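Here's the structure we're looking at; comments come further down.
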Amino acid sequence: MTERTDDLYGRIYEAVQLVPQGKVATYGDIAAVVGNGCDARTVGYALNDLPKGQDAVVPWQRIINSSGGISTRGTRQRRLLEQEGIVFDARERIDLGTYRWEGPAAEWAEAHGFHTLRPRREETQLRLF
DNA sequence: CAGATGACTCCCA
DNA sequence: CTGGGAGCCATCT
Numbered sequence: 477m478t479e480r481t482d483d484l485y486g487r488i489y490e491a492v493q494l495v496p497q498g499k500v501a502t503y504g505d506i507a508a509v510v511g512n513g514c515d516a517r518t519v520g521y522a523l524n525d526l527p528k529g530q531d532a533v534v535p536w537q538r539i540i541n542s543s544g545g546i547s548t549r550g551t552r553q554r555r556l557l558e559q560e561g562i563v564f565d566a567r568e569r570i571d572l573g574t575y576r577w578e579g580p581a582a583e584w585a586e587a588h589g590f591h592t593l594r595p596r597r598e599e600t601q602l603r604l605f
């Protein structure tokens with residue numbers, strides 16, 4: 477049996493749990509927070525391997541692709557997100573500029589060995605001038 | 001170790 | 001917009 481002692485998946489699940497309701501994060505965002513050689517693809521792989529019992533505590537549905545769309549099959553993920561107040565546009569995509577998670581608090585990240593997300597000027601720029 | 005696979009992402013035509 | 005291809009990493013054959 478493939479006993480997974482990999483902290484990697486555990487860390488990924490931990491990072492996913494940081495995403496609050498009503499917000500979303502991309503696979504790449506989670507990978508960046510986890511760091512340590514983690515990759516967007518690895519995040520997707522980990523979530524695909526998420527134990528059934530864990531889906532209750534790990535908000536896997538809040539992880540979407542960099543295009544703002546869902547990568548899972550079916551409509552379950554979309555339905556769950558809409559229940560949280562996430563709005564999909566006509567192209568079935570989520571506005572990352574509005575719903576994208578800003579990352580963990582610097583202190584928390586520091587204490588748990590995670591990384592913070594770098595601000596995305598191009599998407600969240602408010603232009604107060 | 002090599003090859004295949006996958007809930008990724010970026011680039012180019 | 002759609003497709004194809006490269007780069008990426010972890011896991012399984």
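In this note's numbering, each residue carries its 1-based index in the first sequence increased by 476. The beta carbon of each residue, even a glycine, is placed where N, CA and C say it ideally should be. All values derive from a computational prediction rather than experimental measurement.
Asked, Found
"Inter-residue Cα distance where the pair is Arg-549 and Pro-496", "23 Å"
"beta-carbon Ala-501 near the ligand MN non-hydrogen atom, thresh 7 Å", "Although the ligand MN was asked about, the structure shown includes no ligands whatsoever."
"CB contact flag (Ala-522, Ala-516, <8 Å)", "no"
"4-residue-minimum alpha helix (DSSP H) runs that sit fully inside the segment 505-550, ordered along the chain", "516-524"
"Nearest residue (CA-CA) to Tyr-485, options Pro-580, Glu-578, Gly-513 and Ile-546", "Gly-513"
"Close Cβ partners of Ile-562 (< 8 Å) along its chain, the five nearest in sequence each way excluded", "Gly-498, Val-500, Ile-570 and Tyr-575"
"Cβ pair Gly-504, Ser-547 closer than 8 Å", "no"
"Residue range of the alpha helix (DSSP H) that includes Gly-589", "From DSSP, Gly-589 is part of no alpha helix (DSSP H); its letter is neither H nor E."
"Arg-652 and Val-510 closer than 8 Å at C-beta", "The shown model of the chain, from 477 to 605, leaves out residue 652, and the question about it has no answer."
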